[in-house]
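In the order they appear, the protein sequences are chains A and B.
Mapping the first sequence onto this note's numbering, position 370 (from 1) lands on 370, and the numbers just tick up by one.
Mapping the second sequence onto this note's numbering, position 171 (from 1) lands on 589, and the numbers just tick up by one.
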Amino acid sequence: MGYTITEKILARAAGLPAVRAGQDIKAKPDFVLAYDFPGYTDVYFKTMKEDFGIERVAEPERFGIFIDHMVPTATAKEEELHINTRNWCAENDVPLFERHGIGHQVAAEVGYATPGAFVVHFDGHVSQLGTFGTLAIGLRRNVMEAFVSDTVSIRVPDTVRVNLRGSLRPGVMARDVFHHLVRRLGPSSCRFQVLELGGPSVAAMSTEGLQTITGLAMFTGALTAIVNPDPVRLDYALPRARKKLEPVSSDPDAQYSAVHDIDLSDLEPIVVVPPTPADTRDLTEFLGLEINAGYLGSCASGRLEDLRAAAKVLDGRRVKTGVSLHIVPTSQELMAAAAREGLVSTLVEAGAFVSSPSCDYCFGRIATMTAGQRAVSTGTLNVRGRMGSPDSEIYLCNAAVVAASAIEGRIADPRPYL
Amino acid sequence: MAQPNLKMPVMRGRVAFIFDEVNFDVDQIVGVKNIKITDVDELAQLAMQAYDPDFAKSVRPGDLLVGADNFGYGHPHYPPMKAMRHLGVTGVIAESFSPGYWRGEVSMGFPQVSCPGILGFVRRWDEIEVDWEAGVVRNHTQGTEIPFEPLPQADAEMIEAGGLVPFLKRQAAQQREQKEHAHVPSDFRAI
Numbered sequence: 001m002g003y004t005i006t007e008k009i010l011a012r013a014a015g016l017p018a019v020r021a022g023q024d025i026k027a028k029p030d031f032v033l034a035y036d037f038p039g040y041t042d043v044y045f046k047t048m049k050e051d052f053g054i055e056r057v058a059e060p061e062r063f064g065i066f067i068d069h070m071v072p073t074a075t076a077k078e079e080e081l082h083i084n085t086r087n088w089c090a091e092n093d094v095p096l097f098e099r100h101g102i103g104h105q106v107a108a109e110v111g112y113a114t115p116g117a118f119v120v121h122f123d124g125h126v127s128q129l130g131t132f133g134t135l136a137i138g139l140r141r142n143v144m145e146a147f148v149s150d151t152v153s154i155r156v157p158d159t160v161r162v163n164l165r166g167s168l169r170p171g172v173m174a175r176d177v178f179h180h181l182v183r184r185l186g187p188s189s190c191r192f193q194v195l196e197l198g199g200p201s202v203a204a205m206s207t208e209g210l211q212t213i214t215g216l217a218m219f220t221g222a223l224t225a226i227v228n229p230d231p232v233r234l235d236y237a238l239p240r241a242r243k244k245l246e247p248v249s250s251d252p253d254a255q256y257s258a259v260h261d262i263d264l265s266d267l268e269p270i271v272v273v274p275p276t277p278a279d280t281r282d283l284t285e286f287l288g289l290e291i292n293a294g295y296l297g298s299c300a301s302g303r304l305e306d307l308r309a310a311a312k313v314l315d316g317r318r319v320k321t322g323v324s325l326h327i328v329p330t331s332q333e334l335m336a337a338a339a340r341e342g343l344v345s346t347l348v349e350a351g352a353f354v355s356s357p358s359c360d361y362c363f364g365r366i367a368t369m370t371a372g373q374r375a376v377s378t379g380t381l382n383v384r385g386r387m388g389s390p391d392s393e394i395y396l397c398n399a400a401v402v403a404a405s406a407i408e409g410r411i412a413d414p415r416p417y418l
Numbered sequence: 419m420a421q422p423n424l425k426m427p428v429m430r431g432r433v434a435f436i437f438d439e440v441n442f443d444v445d446q447i448v449g450v451k452n453i454k455i456t457d458v459d460e461l462a463q464l465a466m467q468a469y470d471p472d473f474a475k476s477v478r479p480g481d482l483l484v485g486a487d488n489f490g491y492g493h494p495h496y497p498p499m500k501a502m503r504h505l506g507v508t509g510v511i512a513e514s515f516s517p518g519y520w521r522g523e524v525s526m527g528f529p530q531v532s533c534p535g536i537l538g539f540v541r542r543w544d545e546i547e548v549d550w551e552a553g554v555v556r557n558h559t560q561g562t563e564i565p566f567e568p569l570p571q572a573d574a575e576m577i578e579a580g581g582l583v584p585f586l587k588r589q590a591a592q593q594r595e596q597k598e599h600a601h602v603p604s605d606f607r608a609i
């Protein structure tokens, strides 16, 4: 019987000839990533020194630290956290990526998404590196193990395979594919497993779209998501790769705990209704609901295809007076590309507030909503209080829906604008 | 034996509450508006206000919580279970858990037990016990038992050690010991 891509990557990382799902192993991550955040990186740095006597990391090239939250800072305390992070990286010779954009996107741009690599982070949205055949798992606090020892203790996960066929209709985007997966498979369908995307339509899907889908995998209960790397993904990832590794793929006779088929041609735009990522509904059910704010950005969305979709809807039109539309490209590289394409001017002329990359809009640190307000958002999450007051509401949807809703001041169907 | 060679913490007490909602977001235990409170006494007083305002008065040290499928879904934070531990709760038994929540609480050394069927197996205030060796949850009130799913090795060790940092320290000590043994030169041994 064959092996899944996950089993192959973990076997190599564990230094074993082969591993099977269900096996408890100690695996050495090729890369250990984190963004600085109070209670996380500052605690790892302190614990390493004070509890484990580690003055310097042994292999600094295995690490990558991002400053993408609290950018720009609003308080002196936040700046002190960043200073501590900068100092630690300088002392340890660890690469630091500050203000390059949202770390999970930047990680791909700067080569941590090495096909075949095993990557750990505390944050689960790192799963999006799976687009490039990288096994990237968010361990929450347990990522500390990778800071104080060479390996992490994990159980080799089972894999749920999802085959995509058909193609998306206009106005339907990768966001809708993911939310449809939650609806079809269920919010606990992939618990403690890997979501592997395959099938005839994957090769035709954009890399950006795959980053969106894999980056949200946690809301199916998955530990991460992964795609068997194809020529398009390898063309992007291999020249940037930080480590020379042989890309691997699942064997045709690999064993899956479940296999699902999704026909993309059937899909409609979806809105995810607060306060849970599990409540996925048809957009048509919520048309006309008044909104105060729109947010297009985050590690899940905010890439060129999202910006293009919004620009297409907003071109020559205006955001409704009283509605705040925040558009935040996911990285500097993407923002510069959007500017070269003329997307930024289209969005700005329509009345959007376009900001440099930052995670801060997604969790309500800025553009904070007050009680009774309602947003349409391409952020990662719609739980209570995520973007401000616990009594504000977040409706998650694709970028085109955000743009159309900003024009009308209520949840709107983007298709008439396309 | 479900968790061989490990001294797992005692889990015996009453079912202090049953969360029968699937995909339960634990932040609701203290309320999202209170999630940034760090004072554990204050958190404990706020806990469960939406479910049972007398909870803090009725809960006793050793009590346990019971949950439904995919317990801990959403974007779980640590304060709700910090509050529960402060009130004396010694663990959670659920039909199944959301991985993010599971990892977070296991890293705090807080026992979590995945037990399909638990919802139909207990009533509130039943006296129950997790028998780690036998791999079953016993209901002493009703005189019944039900198997639970063995924990992954590292998770069991982390709970036994009392959390992430003690687990990592123990592991580091073991690795040092192995290295020292491996590197003793043979002529040194002869002396």
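We put the CB at the ideal spot given by N, CA and C, even for glycine.
Let me know if residue i comes out buried or exposed under the rule of 16 or more other beta-carbons within 10 Å of its beta-carbon.
i, result
"residue 196/A", "buried"
"residue 610/B", "This structure cannot speak to residue 610/B, because chain B is shown only from 419 to 609."
"residue 599/B", "exposed"
"residue 7/A", "buried"
"residue 501/B", "buried"
"residue 1/A", "exposed"
"residue 575/B", "buried"
"residue 398/A", "buried"
"residue 90/A", "exposed"
"residue 18/A", "exposed"
"residue 3/A", "buried"
"residue 469/B", "exposed"
"residue 543/B", "exposed"
Mind checking which residues open and close the alpha helix (DSSP H) that includes residue i?
i, result
"residue 500/B", "497-504"
"residue 215/A", "207-215"
"residue 516/B", "Note, residue 516/B: premise wrong, no alpha helix (DSSP H); not H, not E."
"residue 538/B", "536-539"
If you reduce the DSSP assignment to three classes, tell me which class residue i lands in.
i, result
"residue 46/A", "helix"
"residue 272/A", "strand"
"residue 241/A", "coil"
"residue 431/B", "strand"
"residue 609/B", "Residue confidence for residue 609/B is low, a pLDDT of 42 falling below 50, so the modelled location carries little weight; the figure read from the coordinates is stated next. Residue state, collapsed to three classes: coil."
"residue 16/A", "coil"
"residue 150/A", "coil"
"residue 560/B", "coil"
"residue 419/B", "In this predicted model, residue 419/B has a pLDDT of only 46, less than 50, meaning its place in the structure is not dependable; the value taken from the coordinates is given anyway. Three-state result, residue 419/B: coil."
"residue 419/A", "This structure does not reach residue 419/A, given that chain A is present from 1 up to 418, and the question cannot be answered."
"residue 173/A", "coil"
"residue 156/A", "coil"
"residue 466/B", "coil"
"residue 408/A", "helix"
Shorter than 9 Å from the beta carbon of residue i to some beta carbon of chain C?
i, result
"residue 192/A", "The chain labelled as chain C is not found among the protein chains of the depicted structure, namely A and B."
Return the first residue and the last residue of the beta strand (DSSP E) that residue i is part of.
i, result
"residue 159/A", "159-165"
"residue 280/A", "280-282"
"residue 97/A", "96-98"
"residue 377/A", "374-377"
"residue 293/A", "293-296"
"residue 547/B", "545-549"
"residue 393/A", "393-396"
Pick out whichever of the options has its Cα sitting closest to the Cα of residue i.
i, options, result
"residue 187/A", "222/A, 308/A, 132/A and 399/A", "222/A"
"residue 521/B", "534/B, 496/B, 450/B and 431/B", "496/B"
"residue 371/A", "85/A, 291/A, 96/A and 348/A", "291/A"
"residue 240/A", "350/A, 114/A, 92/A and 59/A", "114/A"
"residue 479/B", "576/B, 504/B and 494/B", "504/B"
"residue 351/A", "322/A, 149/A, 111/A and 297/A", "322/A"
"residue 193/A", "217/A, 11/A, 31/A and 245/A", "217/A"
"residue 289/A", "314/A, 204/A, 402/A and 214/A", "402/A"
"residue 97/A", "77/A, 63/A and 130/A", "63/A"
"residue 594/B", "394/A, 149/A, 119/A and 260/A", "149/A"
"residue 105/A", "116/A, 207/A and 27/A", "207/A"
"residue 517/B", "485/B, 489/B, 536/B and 582/B", "489/B"
Is residue i a contact residue of the ligand SAH, with contact defined as CB to any heavy atom under 8 Å?
i, result
"residue 473/B", "Of ligands this structure carries none, so the ligand SAH is not represented either."
**Prompt:** What residues from the stretch 362-383 of chain A come within 7 Å of chain B, judged by C-beta to C-beta, listed N to C?
**Reply:** 381 and 383
**Asked** Listed from N- to C-terminal order along the chain, which residues in the stretch 135-158 of chain A have their beta-carbon within a distance smaller than 8 Å of any beta-carbon of chain B?
**Response** 138, 139, 140, 141, 142, 144, 145, 148, 149, 153, 154 and 155
**Prompt:** Of the residues that make up the stretch 205-223 of chain A, which ones have a beta carbon closer than 9 Å to any beta carbon in chain B?
**Reply:** 218, 219, 221, 222 and 223
**Item:** Contact set between the stretch 478-491 of chain B and chain A, restricted to residues whose Cβ is under 9 Å from the partner
**Value:** 487, 488 and 491
**Prompt:** Which residues, in order along the stretch 506-523 of chain B, keep a beta-carbon less than 7 Å from a beta-carbon of chain A?
**Reply:** 514, 516, 517, 518, 521 and 522
**Item:** Short-range partners of chain A found in the stretch 560-576 of chain B, where Cβ spacing is below 7 Å
**Value:** 570, 571 and 572
**Within 8 Å of chain B by C-beta, residues of the stretch 33-58 of chain A in sequence order** = 47, 51 and 52
**Item:** Positions along the stretch 168-195 of chain A whose CB lies within less than 7 Å of some CB in chain B
**Value:** 187, 188, 191 and 192
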